[in-house]
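Participant:
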Amino acid sequence: MASSSGSDALTARVLVDGQPLRQLPLDLYIPPDALSILLERFEGPLDLLLYLIRKQNLDILAIPVAEVTRQYLTYLALMESLKIELAAEYLLMAAWLAEIKSRLLLPMPPPENDEEVDDPRAALVERLLAYERLTHAAHWLDELPRAGRDWFDLSIAVDLPRALSLPPQIELTELLSALRGLVRRGELTAVHEIRRETLSVRARMTDILGLLEQADGVFLDQVYRPQEGRGGVAVSLVAVLELAKSAAIDFIQEQPFAPVWITGTAATDTVFGSTAKENSA
Amino acid sequence: MSDQPSFLAPAETTDSALAALVEALLMASDAPLDLAALQRMVGAETPETALLDALRRLQCQYDAHPFIDLKMTTRSGESTWQLAANAQLAPYIARSEPPRAGRYSRAVLETLALVAWRQPISRGEIEAVRGVAVNPQILRTLTERGWIRVVGHKDTPGRPELLGTTSAFLTDFGLGSLEQLPAFDAFVGQGALDV
Amino acid sequence: MSDQPSFLAPAETTDSALAALVEALLMASDAPLDLAALQRMVGAETPETALLDALRRLQCQYDAHPFIDLKMTTRSGESTWQLAANAQLAPYIARSEPPRAGRYSRAVLETLALVAWRQPISRGEIEAVRGVAVNPQILRTLTERGWIRVVGHKDTPGRPELLGTTSAFLTDFGLGSLEQLPAFDAFVGQGALDV
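Protein chains in written order, with our numbering: chain A, 14 to 294; chain B, 2 to 196; chain C, 2 to 196.
#1: Just curious, the beta strand (DSSP E) that Trp274 (chain A) is in, first and last residue?
#2: Please list the terminal residues of the continuous beta strand (DSSP E) segment that includes Trp153 (chain A).
#3: Closer than 8 Å between beta carbons: that is the criterion. Which residues of the stretch 87-102 of chain C meet it against chain B?
#4: Applying a beta-carbon distance threshold of less than 7 Å, which residues of chain A neighbour Ala114 (chain C)?
#5: Phe68 (chain B) versus chain C: which residues are under 7 Å apart at the beta carbon?
#6: I'd like to know whether the C-beta atoms of Arg146 (chain B) and Pro180 (chain A) end up nearer to each other than 7 Å.
#7: Could you have a look at Ala184 (chain C) and say whether DSSP puts it in helix, strand or coil?
#8: Quick check on the DSSP output: the alpha helix (DSSP H) that includes Ser115 (chain A) runs from which residue to which?
#9: Any beta carbon of chain A sitting closer than 7 Å to that of Gln191 (chain B)?
#10: With DSSP as the reference, label Gln266 (chain A) as helix, strand or coil.
#11: Are the C-beta of Leu176 (chain B) and some C-beta of chain C separated by less than 7 Å?
#12: Looking at Thr87 (chain A): is its Cβ nearer than 7 Å to the Cβ of Gly153 (chain C)?
#13: Can you check whether the C-beta of Val130 (chain C) is within less than 7 Å of a C-beta belonging to chain A?
#14: Ignore the nearest five residues each way along the sequence and tell me which others in Thr50 (chain B)'s own chain have a CB closer than 7 Å to its CB.
#15: Can you pull the chain B residues whose beta carbon is under 9 Å from the beta carbon of Phe264 (chain A), in chain order?
#16: Consider the Cβ of Glu126 (chain C): report whether some Cβ of chain A lies at a distance smaller than 7 Å.
#17: Closest by CA to Ala37 (chain B), which one among B:Leu53, B:Ala20, B:Ala25?
#18: Using the Cα positions of Leu176 (chain C) and Arg104 (chain B), report the straight-line distance between them to the nearest angstrom.
#19: For the alpha helix (DSSP H) holding Val116 (chain B), just list the boundary residues, first then last.
#20: Taking 7 Å as the cut-off, decide whether the C-beta atoms of Leu56 (chain C) and Tyr63 (chain C) are in contact.
#21: Any contact of the stretch 115-128 of chain C with the stretch 83-91 of chain C, i.e. 3+ C-beta pairs under 8 Å?
#22: Helix, strand or coil, according to DSSP, for Ala216 (chain A) in the structure here?
#23: Decide yes or no for the touch test of the stretch 135-145 of chain B against the stretch 218-226 of chain A: beta carbon pairs closer than 8 Å, at least 3 of them.
#24: With burial defined as no fewer than 16 other Cβ atoms inside 10 Å of the residue's Cβ, what is the status of Glu162 (chain B): buried or exposed?
#25: Taking the continuous beta strand (DSSP E) assigned at Lys72 (chain B), which residues delimit it?
#26: Determine, using beta carbons only, whether Val248 (chain A) and Ile275 (chain A) come nearer to each other than 7 Å.
#27: How many angstroms separate the CA atom of Lys155 (chain C) from the CA atom of Val43 (chain B)?
#28: Under a CB-based cut-off of 7 Å, is Glu267 (chain A) close to chain B?
#29: Do Lys114 (chain A) and Ala79 (chain A) have their C-beta atoms within less than 7 Å of each other?
#30: Using beta-carbon positions only, say whether Arg197 (chain B) and Val135 (chain B) come within less than 7 Å of one another.
#31: Which of the three DSSP states, helix, strand or coil, is assigned to Gln89 (chain C)?
#32: Check each residue of the stretch 32-63 of chain C: if its Cβ is closer than 7 Å to any Cβ of chain B, include it; give the result in chain order.
#33: Using a 10 Å radius around the Cβ and a threshold of 16 neighbouring Cβ atoms, would you call Ile265 (chain A) buried or exposed?
#34: For Ala15 (chain A), count neighbouring Cβ atoms within 10 angstroms of its own Cβ and tell me buried if that reaches 16, exposed if not.
#35: List the residues of chain A that Ala117 (chain B) touches, going by C-beta distances under 8 Å, in chain order.
#36: Go to Ile66 (chain A), then tell me how far its alpha helix (DSSP H) extends in each direction, as first and last residue.
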């Protein structure tokens, strides 16, 4: 594992109020040269904790929580004395360590039945191991020969007619985000009536208009799909009423109780005209 | 000649290595390079004359290449060099897999989303929700893409067109039917939009 | 030999012309090409064996080039070819203007690794493993580099974005597919921890 962190070139160069810090706390278990790593390199509390454990060759699976907690708090105190703004994550970790430590100090209740006694350190170990795997994975990735660092894309200028470019592709999720954006802006301007409809009514409205596109008109009962049962009939009926309300269809009934004939309100040739145009495009 | 190989060979090697370096740099660069840029990369100890020799060498090499030219462009007294495909390559390039054009604008995405979830919808209704006029180009784009179509007309003044999605829309988005569009529940309660 | 020049010469010419054509197509293309793509451009009448011969010819030619390699990568069982400058060019490229990004911070690499191994992954999940908030700049860097992208949304409140890697990620790291990444769990115990 070649080091990318350059730990060989560590020199503690820490300034406090513009003055080099010469006197480090004497009881600090951590070598002072680690201080500069601390300041620049740690990626967060897990990283720091892992460092503390690895520095002492401690078995991560059997963390001596009391010792680690002590060192961790020392580090935090040092960071504080150096006026480094402590991120909430570090304090959270300190609290967690303290909690584990206190739970370990409490007498264990005798295990009931054959229940496994759950070690308060288990969750911490799990997170530390997951993070350690990640550091290895990241390192492995960084060692791969990479475009732009270890090899370079070559190209020649191509100022020639290529095949016509294909239109962009969209994912459904992009459409959803677009709707979300609309909603967000809608909240700001909030001028629209709020109303929610099930999509199936909307889908059915389009289906019905599609039927009318293929014929001059259809009988109302052709719109229903018996296999959909009562719910389907209701959806179709609501769709028909919605279309009528928005003046997109007309009803014709020759005489009372005769079948109801539905027609599109647009001259059919207009509709077909636009369809033909669409197809030729 | 046999008594001079040690003089000729290294010079030969160096020259061709420099030409190879210049070649690789030209190809690795996205834009044409001028002498100053080449010199910065190759190293200041390499004189411009050596670079010009290398370029001349490459010139000869690519003169013999049926599809790639070394192009020199002089702009306001400054020459730049670039390796470029020539017209002989055009018929082959034309058969390449067509590249995808960039992305659709937010306006296009929003319009398509409204047509999909709120169909049949008129242009006026789209404008009411989006708060801006619908650019006819947007509808043309979506129609030409085969995703939306006129499904009817409203019987109100102007007989506005009602827009809906096509079966190609369903196919392209991997949907079996319109009912498979994801539910919109996430937006209920946030209200303010009729979707 | 002198009675056969008309047979030898054209064959020779055709072979080297085909190699030059393949060379130009590889250079003109933005991405590695497989045999099918080459054949589509060169023409179906050219058998795959001839293309493979041409590639072998190019291989020899570029084996002698100090800065450029013909790289073959196997992608989901399919071989792809690409002309690329090798690490010998790196010190020269490093002096180019504007400088190219070569190194990335541990934060960037760890985030990329999580997206690569654990995709689709949300920002919250990245933060949970790394133990720190994700700096938006990191995601921007990786997105602009073309290595990660939003692949969907999680169906939880706020509909957080789910991130995944792109095909450019595979190409740039010389991976044929995501399956070539070692198992994530295999990483424990690989040498001392490097901090």
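For each residue, glycine too, the CB sits at the ideal point set by N, CA and C.
Facilitator: Looking at the coordinates:
#1: In the first sequence, counting from the first residue as 1, residue 274 (chain A) sits at position 261. Unbroken beta strand (DSSP E) run through Trp274 (chain A): 274-277.
#2: On the first sequence, position 140 is the one that residue 153 (chain A) refers to. Looking at the DSSP string, Trp153 (chain A) is not in any beta strand (DSSP E); the run it does join, the alpha helix (DSSP H), is 135-156.
#3: From the stretch 87-102 of chain C, only Leu90, Tyr93, Ile94, Arg96, Ser97, Glu98 have a Cβ closer than 8 Å to chain B.
#4: The residue you call residue 114 (chain C) lines up with position 113 of the third sequence. Leu147, Ala150, Ala151, Leu154, listed in chain order.
#5: The residue you call residue 68 (chain B) lines up with position 67 of the second sequence. Going along chain C in sequence order, the residues near Phe68 (chain B) (Cβ under 7 Å) are Ala21, Leu22, Ala25.
#6: For the purposes of this step, residue 146 (chain B) is identified with residue 145 of the second sequence, where counting begins at 1. For the purposes of this step, residue 180 (chain A) is identified with residue 167 of the first sequence, where counting begins at 1. In this structure, Pro180 (chain A) lies closer than 7 Å to Arg146 (chain B) by Cβ.
#7: Walking along the third sequence from the start, residue 184 (chain C) turns up at place 183. For Ala184 (chain C), the three-state secondary structure derived from DSSP is coil.
#8: Taking the first residue of the first sequence as 1, we reach residue 115 (chain A) at position 102. Segment 101-118, the alpha helix (DSSP H) holding Ser115 (chain A).
#9: Translated into positions along the second sequence, residue 191 (chain B) becomes position 190. The predicted model places Gln191 (chain B) with a pLDDT of 37, which falls under 50 and marks its position as unreliable; any figure quoted below should be read in that light. Interface residue, yes.
#10: On the first sequence, residue 266 (chain A) is found 253 positions in, with the first residue counted as 1. Coil at Gln266 (chain A), not helix or strand.
#11: Sequence index remark: in the second sequence, residue 176 (chain B) carries index 175 (1-based). No, Leu176 (chain B) does not count as interfacial toward chain C.
#12: On the first sequence, residue 87 (chain A) is found 74 positions in, with the first residue counted as 1. On the third sequence, residue 153 (chain C) is found 152 positions in, with the first residue counted as 1. Against a cut-off of 7 Å, the Cβ pair of Gly153 (chain C) and Thr87 (chain A) comes out as no contact.
#13: Position 129 of the third sequence, counting from 1, holds the residue named residue 130 (chain C). Chain A, which has a Cβ nearer than 7 Å to the Cβ of Val130 (chain C), makes this yes.
#14: Taking the second sequence and counting its residues from 1, one reaches residue 50 (chain B) at position 49. Same-chain partners within the cutoff: there are none.
#15: What you label residue 264 (chain A) is simply residue 251 of the first sequence in a count that begins at 1. In chain B, no part has a C-beta under 9 Å from the C-beta of Phe264 (chain A); the shortest such distance is about 12 Å.
#16: Taking the third sequence and counting its residues from 1, the one referred to as residue 126 (chain C) is at position 125. Not an interface residue.
#17: Locating residue 37 (chain B) in the second sequence gives position 36, counting from the first residue. The shortest C-alpha separation from Ala37 (chain B) is found at B:Leu53.
#18: In the third sequence, the residue the question calls residue 176 (chain C) occupies position 175. In the second sequence, the residue the question calls residue 104 (chain B) occupies position 103. The alpha-carbon atoms of Leu176 (chain C) and Arg104 (chain B) are separated by roughly 26 Å.
#19: Here residue 116 (chain B) corresponds to residue number 115 of the second sequence, with the count starting at 1. 107-119 is the extent of the alpha helix (DSSP H) around Val116 (chain B).
#20: Counted from its first residue, the third sequence places residue 56 (chain C) at position 55. Counted from its first residue, the third sequence places residue 63 (chain C) at position 62. No, these two residues do not count as a Cβ contact at 7 Å.
#21: no
#22: On the first sequence, residue 216 (chain A) is found 203 positions in, with the first residue counted as 1. Correct three-state label for Ala216 (chain A): helix.
#23: Too few Cβ pairs lie closer than 8 Å, so no.
#24: In the second sequence, the residue the question calls residue 162 (chain B) occupies position 161. Classification of Glu162 (chain B): buried, given that the 10 Å Cβ count is 16 or more.
#25: Start at 1 with the first residue of the second sequence, and residue 72 (chain B) comes out as number 71. 69-76 is the extent of the beta strand (DSSP E) around Lys72 (chain B).
#26: The residue you call residue 248 (chain A) lines up with position 235 of the first sequence. The residue you call residue 275 (chain A) lines up with position 262 of the first sequence. Contact: no.
#27: On the third sequence, residue 155 (chain C) is found 154 positions in, with the first residue counted as 1. On the second sequence, residue 43 (chain B) is found 42 positions in, with the first residue counted as 1. Cα to Cα, Lys155 (chain C) sits roughly 50 Å from Val43 (chain B).
#28: In the first sequence, residue 267 (chain A) corresponds to position 254, counting from 1. For Glu267 (chain A), the answer is no, since every Cβ of chain B falls outside 7 Å of its Cβ.
#29: Here residue 114 (chain A) refers to the residue found at position 101 when the first sequence is read from its first residue. Here residue 79 (chain A) refers to the residue found at position 66 when the first sequence is read from its first residue. Yes, the pair counts as a contact, with Cβ atoms nearer than the cut-off.
#30: Nothing can be reported for residue 197 (chain B), as the shown portion of chain B is limited to 2 through 196.
#31: Start at 1 with the first residue of the third sequence, and residue 89 (chain C) comes out as number 88. In the displayed model, Gln89 (chain C) falls within a helix according to three-state DSSP.
#32: When C-beta distances to chain B are compared with 7 Å, the residues of the stretch 32-63 of chain C below that value are Ala38, Arg41, Met42, Val43, in chain order.
#33: Taking the first sequence and counting its residues from 1, the one referred to as residue 265 (chain A) is at position 252. The residue in question, Ile265 (chain A), is exposed, as its Cβ has fewer than 16 Cβ neighbours within 10 Å.
#34: Within the first sequence, residue 15 (chain A) is the residue found at index 2, counting from 1. Any reading at Ala15 (chain A) is ruled out, since the residue's pLDDT is 37, under 50, leaving its predicted position unreliable.
#35: Translated into the one-based positions of the second sequence, residue 117 (chain B) becomes position 116. The contacting residues are Leu188.
#36: As a position in the first sequence, residue 66 (chain A) is number 53, starting the count at 1. Counting along the chain, the alpha helix (DSSP H) containing Ile66 (chain A) begins and ends at 58-68.
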